[in-house]
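Student:
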Amino acid sequence: MNIRMLLSAAIVLVLAISSLPLLDPKYFLSWKPRVSTVADLIVRNGVIYTSDDSLLFADSMAVGNGRVLRVGNYSFVQELADYRTKELDLGGKIVVPGFIDSHVHFIYGGLQMAQVELRGVNKKEDFIKRIKDAVKIILCSNKGSKQGSWILGGGWNNDLWGGDLPSASWIDDFTQNNPVWLSRMDGHMGLANSVALKLAGVTKYSKDPPGGTIMRTASGEPTGLLIDSAKKLVGSQIPEDSVDDRREALLRASNLALSRGVTTVVDVGRYLPGGSSDLSWVDFSDVYQWADTLLKMKVRVCLFFPMETWSHLADLIKRTGLALSQWLYLGGVKAFADGSLGSNSALFYEPYVDDPENHGLLVTDAEVLLNLTLKSDLSGLQVAIHAIGDRANDLILDMYSLVASTNGMRDRRFRIEHAQQLASGTPGRFGKQGVIASVQPDHILDDAESAGRKLGKDRAEKESYLFKSLLDGNALVAMGSDWPVADINPLSGIKTALTRRPPTWEKSWIPSECISLEDALKGYTIAAARASFLEKQVGSLSPGKFADFVILSADSWEEFAEEASASVEATYVSGVQAYP
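Per mature numbering (1 follows the signal peptide of the UniProt record, and there is no 0): the sequence shown = residues -16 to -1, 1 to 564.
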């Protein structure tokens, strides 16, 4: 009996061993004990707008290891909780994905926060007073000298005090010992006092540089205003900002962004016409890499570099890839086609009504721009080009079409930054060509009053900020601020895109171009992410993406839908509260 049992056991063992080769050895290599995912945080009892069309609204969300784990109803999400999980009761508040600002000058804006603030000044007298006060501060701090310290500032908008352009004569009497440089809000024009003009060697005999203008009196004397590439005449004399100043500027800018619900920015750098293309690269190495290495980054940043440095960026991406960390991304290259409307340097088919001999400026030679774009695109880089005037936008769309047909099909996602004034038929070209319109709604607040004076009422209303027409033509519309040109404030931008109504107006400017709340929200979230190839990481509250989200003050979706009236109560980055 025992022998028979032993024989039976032996036979079973032999058969079991002989069957092992029939099993795939990969089974043993890939098998892992099943470990259930546990949420670090559950957000519940709210109205969560996800920006993900597969589930646009939910009341709860689970977060783990900095990413979204689940979105849905509370019972579904709560399955991932255990004794370690924290819960956040929203009390019915609205949650939206962390906002993405698609166009900022981030470090430049942070630096300007420490300079003379001229944004919002609406009287000539107040403009002058702010510069006087800055001179007094310098003298009281014992920094004044015979040569003098530079007084820097920005954000002025002459349209706010009736349109008269400032001149050096406004401030020369009390700045004899200090060179002064004050950038206009759009960055395409600046005012220098006579001390700064003398340092730069700018006289009545100076010639306008290519792509720039020295504004002059009737007798030919410089007024102090320099446009686009002419700014470099004075800019080259201004001492460089220190590394510490620029690092502090990043931290200031980041804190401001978080307070406005912005968790990702596309930084197009400090490079402007008339500036040095090196600035973006020194900021990358001195500031961004420093902050990333020392874990000081607070918001995610996608960087664009001057197009003339395309080969440098292409070589870097070959070595590192596009994502340097969860905080820092290499985006692409940027160039300029024209200037700005406010500085009368945006390029138009027809002349300016208030300057009949002027059609604007082509800031970069067309052939040079085409060759740089061809090379940048062929190397696989994403290309973004600044174009504001109707002629400039058509020129870039024509060029993009030529480049795409020359270099062949690929997912290139060409961008036009601003796409502000569009001729009849142009909005439809964006969708047909797959060109992204990177727009800034809050510029409407500045231009609604002045565009008619510069272009004529009929022309301004036919071609200004055509967001609805772009969307109707199936264009991808990404939204941003152009900070510090306008405030970094997506909720303000969303409200403007919905209403197109400046604060003192009762009616909308071009009401046919108002867009829906959902389109505006997507412009600052998922559309903005796609515009920079970031849609796998951010832009919606979808499982697997970073848990970047914003809690708004509105108690119901209906309340928020009324002109997007809300404020930021809290901002979370990777599931951790970053503001307040």
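Note that the Cβ used here is the ideal one computed from N, Cα and C, for glycine as well.
(1) Look up T488 in the DSSP assignment and say whether it is helix, strand or coil.
(2) Leaving out the 5 sequence neighbours to the left and right, which residues in its chain are closer than 6 Å to F544 when beta-carbon positions are compared?
(3) Give me the Cα-Cα distance between T69 and G139, rounded to the nearest whole angstrom.
(4) Can A176 and V218 be called in contact, C-beta distance under 7 Å?
(5) Just how far apart, CA to CA, sit residue 586 and E546?
(6) Give the secondary structure of H172 by DSSP, where H, G and I count as helix, E and B as strand, and everything else as coil.
(7) Note the first and the last residue of the continuous alpha helix (DSSP H) segment covering I478.
(8) Pick from F158, L365, S540, S220: whose alpha carbon is nearest that of K120?
(9) Taking DSSP's pairing of strands, which residues face R54 in a bridge?
(10) Are there three or more Cβ pairs, one per stretch, closer than 8 Å when the stretch 56 to 65 is compared with the stretch 24 to 38?
(11) Compare the C-alpha of D431 against each of T304, I499, E401, S327 and name the closest.
(12) Restricting to Cα atoms, I'd like to know which of A462, G195, G50, D276 is closest to T509.
(13) Please look up how many angstroms separate the CB atoms of A241 and I472, rounded, as I've assumed it's under 8 Å.
(14) For the stretch 136 to 202, list the alpha helix (DSSP H) runs that are entirely contained and at least 4 residues long, ordered along the chain.
(15) Residue ranges of each alpha helix (DSSP H) run of no fewer than 4 residues wholly in the stretch 194 to 266, ordered along the chain?
(16) Less than 6 Å between C-beta atoms, sequence neighbours within five positions excluded: which residues of the same chain meet that for D37?
(17) Using 8 Å for Cβ pairs, my map puts R394 next to I420. What's the rounded Cβ distance?
(18) Between the stretch 525 to 537 and the stretch 46 to 56, do at least 3 Cβ pairs fall closer than 8 Å?
(19) For K318, name the three-state secondary structure that DSSP assigns.
(20) I'd like the list of long-range same chain contacts for V252, defined as Cβ closer than 8 Å, with 5 residues on each side in sequence excluded.
(21) What do you get for N106, buried or exposed, if any count of 16 or more other CB atoms within 10 angstroms of its CB means buried?
(22) Could you pull out every residue in the same chain whose Cβ sits closer than 6 Å to the Cβ of L256, ignoring the five residues on either side in sequence?
(23) Within 8 Å, do at least three Cβ pairs link the stretch 307 to 323 to the stretch 371 to 387?
(24) Where E341 and S190 are concerned, what is the direct C-alpha to C-alpha distance, given to the nearest angstrom?
(25) Name the DSSP bridge partner or partners of S89?
(26) I need the DSSP call for W467, collapsed to helix, strand or coil.
(27) If distances are taken between C-alpha atoms only, which option among N161, L325, P564 comes closest to V337?
(28) Determine, using beta carbons only, whether A481 and I84 come nearer to each other than 7 Å.
(29) Counting pairs of beta carbons, one from the stretch 351 to 363 and one from the stretch 305 to 314, are three or more of them closer than 8 Å?
Tutor: Here's the rundown:
(1) As a first step, residue 488 must be located in the sequence shown, where it is residue number 504. Of the three classes helix, strand and coil, the one that applies to T488 here is coil, per DSSP.
(2) Here residue 544 refers to the residue found at position 560 when the sequence shown is read from its first residue. So the list reads I78, A538, A550, once near-sequence residues are dropped.
(3) Along the sequence shown, one-based indexing puts residue 69 at 85. Along the sequence shown, one-based indexing puts residue 139 at 155. Spanning the two alpha carbons is a distance of roughly 46 Å.
(4) As a first step, residue 176 is located in the sequence shown; it is residue number 192 there, counting from the start. As a first step, residue 218 is located in the sequence shown; it is residue number 234 there, counting from the start. Against a cut-off of 7 Å, the Cβ pair of V218 and A176 comes out as a contact.
(5) Residue 586 cannot be examined here, being either before or after the span of the chain that is shown, -16 to 564.
(6) One-based indexing of the sequence shown puts residue 172 at position 188. Three-state DSSP puts H172 in coil, outside helix and strand.
(7) In the sequence shown, the residue the question calls residue 478 occupies position 494. Note, I478: alpha helix (DSSP H), 474 to 483.
(8) Position 136 of the sequence shown, counted from the start, is the residue given in the question as residue 120. The shortest C-alpha separation from K120 is found at F158.
(9) Along the sequence shown, read from residue 1 onward, the residue named residue 54 stands at position 70. According to DSSP, R54 bridges with A46.
(10) yes
(11) Taking the sequence shown and counting its residues from 1, the one referred to as residue 431 is at position 447. Among T304, I499, E401, S327, the Cα nearest to that of D431 is on S327.
(12) The sequence position of residue 509 within the sequence shown is 525, counting from 1. Checking every option, the nearest Cα to that of T509 belongs to A462.
(13) In the sequence shown, the residue the question calls residue 241 occupies position 257. In the sequence shown, the residue the question calls residue 472 occupies position 488. With a Cβ gap of about 6 Å, A241 and I472 count as contacting.
(14) 178 to 184
(15) 216 to 219, 227 to 243
(16) Here residue 37 is taken as the residue at index 53 of the sequence shown, counted from 1. Cβ within range, chain order: n/a, list empty.
(17) Reading the sequence shown from its first residue, position 410 is the one you call residue 394. Reading the sequence shown from its first residue, position 436 is the one you call residue 420. With 8 Å as the limit, R394 and I420 do not qualify as a contact, their Cβ atoms being about 15 Å apart.
(18) yes
(19) As a first step, residue 318 is located in the sequence shown; it is residue number 334 there, counting from the start. Three-state DSSP puts K318 in a strand.
(20) Counted from its first residue, the sequence shown places residue 252 at position 268. Cβ within range, chain order: H87, V88, H89, F288, K318, A368, E401.
(21) Residue 106 sits at position 122 when you count from the first residue of the sequence shown. When all chains shown are included, N106 counts as exposed.
(22) Translated into the one-based positions of the sequence shown, residue 256 becomes position 272. Around L256: G171.
(23) yes
(24) Taking the first residue of the sequence shown as 1, we reach residue 341 at position 357. Taking the first residue of the sequence shown as 1, we reach residue 190 at position 206. Rounded to the nearest angstrom, the two C-alpha atoms are 21 Å apart.
(25) Here the question's residue 89 lines up with position 105 in the sequence shown. The sequence shown places His at residue 89, rather than the Ser named in the question. Per DSSP, none; premise fails for H89.
(26) Residue 467 sits at position 483 when you count from the first residue of the sequence shown. Residue state, collapsed to three classes: strand.
(27) Here residue 337 is taken as the residue at index 353 of the sequence shown, counted from 1. Comparing Cα-Cα distances from V337 to each of N161, L325, P564, the minimum goes to L325.
(28) The count along the sequence shown starts at 1 and reaches residue 481 at position 497. The count along the sequence shown starts at 1 and reaches residue 84 at position 100. Cβ distance not < 7 Å, so A481 and I84 don't count as in contact.
(29) no
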